[in-house]
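**Q** Dropping a structure here in structure tokens format, bear with me for questions.
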Amino acid sequence: IVFENPALHGPFVAGCRPIVANPEDKVNAAFVVLARNQDQEGLLSSIASLERHFNQWYNYPYIFLNDEPFNATFKAAISKSTAAKTEFGVIPDSLWDFDDSVDRKELKKALQNQADQNVMYGDSESYHKMCRFYSGKFYDHPLLKDLDWYWRLEPDVQFFCDLTYDPFRYMQDNNKVYGYNIAIKELKETVPNLWRYTKSFKQKNKMQSKGMWEMFLQTAEEREQRGGHPLKDARMSDKNDKVKGKAETNNPTSKRFADPDYEDMGEEAYNMCHFWSNFEIGKLSFFRSKEYRDYFDYLEEKKGFWSERWGDAPVHSLAVGLFLAPSEVHYFRDIGYQHSDIFHCPYNAKGAQLPPPERYWEGVSKRTGLKLTDEQIKEDEKWLVPDPAEEGG
Ligand code: GDP
Ligand code: MN
82 IVFENPALHG PFVAGCRPIV ANPEDKVNAA FVVLARNQDQ EGLLSSIASL ERHFNQWYNY
142 PYIFLNDEPF NATFKAAISK STAAKTEFGV IPDSLWDFDD SVDRKELKKA LQNQADQNVM
202 YGDSESYHKM CRFYSGKFYD HPLLKDLDWY WRLEPDVQFF CDLTYDPFRY MQDNNKVYGY
262 NIAIKELKET VPNLWRYTKS FKQKNKMQSK GMWEMFLQTA EEREQRGGHP LKDARMSDKN
322 DKVKGKAETN NPTSKRFADP DYEDMGEEAY NMCHFWSNFE IGKLSFFRSK EYRDYFDYLE
382 EKKGFWSERW GDAPVHSLAV GLFLAPSEVH YFRDIGYQHS DIFHCPYNAK GAQLPPPERY
442 WEGVSKRTGL KLTDEQIKED EKWLVPDPAE EGG
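The C-terminal residue of the sequence shown carries number 474 in the UniProt record's numbering, and the numbering is unbroken.
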């Protein structure tokens with residue numbers, strides 16, 4: 082509901098602006114990209130799109146991180162794809178790997194269990210590590226040490242709209258902390274106990290909502306749809322447990338693990354909403370704060386980064402719920418974006434007139450000095466929203 086308030090959550094800037102990218106106006110920010118060598122093609126595509134719609138004018142640097150060294154081909158191809166500075170870093174084991182205290186056998190069993198229950202990426206240890214890294218470690222990587230702001234980028238994403246202002250600058254000037262452009266529901270079986278622990282953390286620390294917590298609460302109607310049980314469909318069926326015959330051990334979604342506190346948390350159940358963090362623009366001091374680190378350490382202690390498959394998206398989101406006020410969160414409704422088959426596409430304001438394509442491209446060329454190929458123009462025109470009147474409404 083807080084998100085309906087346009088004074089808080091309207092776009093920073095409406096319409097296109099003449100781009101003024103004074104170097105002095107730049108914010109201490111970078112794109113942060115976790116990737117593997119085999120992500121090269123997918124990244125070249127993401128970078129091309131991002132440069133085309135934003136970064137060719139602003140030239141923010143890119144930081145690429147990998148748990149293994151990037152190879153020479155990757156570095157050469159990526160550096161060539163942008164005029165901005167590119168840096169490539171290896172993630173030390175101390176930030177990537179699970180703690181030594183984690184029992185390898187238990188971990189293997191837990192991943193197998195998740196696979197048996199068809200949890201997406203359930204048996205992938207590297208995926209679990211990736212989620213943990215983005216949840217609690219990326220901000221401590223040496224290459225990010227002096228950075229204030231990051232914009233997360235992934236392979237194979239697309240941007241659709243020209244962004245003619247600097248979102249970092251606006252976030253900084255408007256005291257924003259966290260920015261997103263898609264919020265969706267999490268796959269319940271990946272986080273059966275994340276809410277429970279988040280709530281116990283909140284209670285233990287006697288925390289009061291600053292206004293964002295409410296975004297993550299199930300409504301009475303939603304609760305009703307679940308037959309009164311807040312997490313009913315977060316757990317797999319008994320049948321599934323029996324088939325596998327493995328329900329007893331460390332199975333996060335089995336009945337045995339079902340929490341005696343579930344009933345107590347009744348009034349406040351998780352609606353599974355989360356910011357889709359493959360796009361996010363964030364302030365690093367938030368993640369580096371004592372309160373965020375305490376939250377992450379608490380979650381780590383509860384083992385959910387491997388005994389379940391807690392994603393960085395719900396973790397970041399619930400942290401926003403715990404610590405932030407609505408005025409510190411920004412919905413980038415004006416950033417058209419696609420990752421896999423989910424996208425956000427801003428619609429033109431009612432009554433807005435699109436210039437005819439020739440004029441549109443003239444404008445782009447004038448502003449950017451770019452000579453666009455016919456192919457590029459054709460590709461982009463696919464995304465020009467037709468006048469609804471012409472479409473017959
Ligand atoms: P999905 O979007 O949830 O399907 O997950 P992705 O496969 O896109 O992974 C999320 C991000 O982490 C992407 O930027 C990947 O390139 C990166 N990533 C995932 N797993 C690994 C890994 O094991 N090592 C490295 N270096 N990057 C990874
Ligand atoms: Mn992805």
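Even for Gly, the Cβ is constructed at its ideal location relative to N, Cα and C.
The structure displayed is predicted, hence computed values, not measured ones.
Once the 5 residues before and after ALA95 are set aside, which same chain residues still bring their CB inside 7 Å of it?
**A** Closer than 7 Å at Cβ, skipping near neighbours: no residue.
**Q** Does ALA400 come out as helix, strand or coil in the three-state DSSP assignment?
**A** If DSSP states are grouped into helix, strand and coil, ALA400 belongs with the helices.
**Q** TYR373 lies in the beta strand (DSSP E); which residues open and close that run?
**A** Note, TYR373: premise wrong, no beta strand (DSSP E); alpha helix (DSSP H) at 371 to 382.
**Q** Counting only runs of 3+ residues fully inside the region 105 to 154, write out the beta strand (DSSP E) ranges in chain order.
**A** For the region 105 to 154, whole beta strand (DSSP E) runs of length 3 or above, ordered along the chain, are 110 to 115, 143 to 147.
**Q** Would you list the residues sitting across from TRP230 in a DSSP beta bridge?
**A** Paired residues: ALA110, LYS364.
**Q** On the three-state DSSP scale, how would you describe ALA394?
**A** Correct three-state label for ALA394: helix.
**Q** Counting only the same chain and skipping the five closest in sequence on each side, list residues whose C-beta sits under 6 Å from that of LYS218.
**A** Correct list, in chain order: LEU176.
**Q** Any heavy atom of the ligand MN closer than 7 Å to the CB of ASN118?
**A** For the ligand MN, not one heavy atom lies less than 7 Å from the Cβ of ASN118.
**Q** So who's on the other strand from ALA264, going by DSSP bridges?
**A** Paired residue(s): PHE356.
**Q** With respect to 7 Å, is the separation between the Cβ of ASN359 and the closest non-hydrogen atom of the ligand MN below this value?
**A** Yes, Cβ of ASN359 sits closer than 7 Å to a heavy atom of the ligand MN.
**Q** Short check: CB of PRO273 to CB of ALA116, under 8 Å?
**A** The answer is no: Cβ separation not under 8 Å.
**Q** Would you tell me roughly how many angstroms separate the C-alpha atoms of TYR379 and GLU456, rounded to the nearest one?
**A** Each residue's alpha carbon lies about 52 Å from the other.
**Q** Pick out whichever of ASN262, ASN136, THR245 has its Cα sitting closest to the Cα of CYS97.
**A** Selected option, being the one with the closest Cα: THR245.
**Q** Ignore the nearest five residues each way along the sequence and tell me which others in GLY91's own chain have a CB closer than 7 Å to its CB.
**A** Here the set comprises nothing.
**Q** Got a sec? Which residues, its chain only, sit under 7 Å from LYS283 by beta carbon, not counting five neighbours each side?
**A** These residues qualify, in order along the chain: LEU403.
**Q** Could you please give the first and the last residue of the uninterrupted alpha helix (DSSP H) stretch that includes HIS209?
**A** Segment 206 to 217, the alpha helix (DSSP H) holding HIS209.
**Q** Return helix, strand or coil for ILE416, following the three-state DSSP convention.
**A** It is coil, neither helix nor strand.
**Q** Bridge partners of TYR351, per DSSP?
**A** LEU298.
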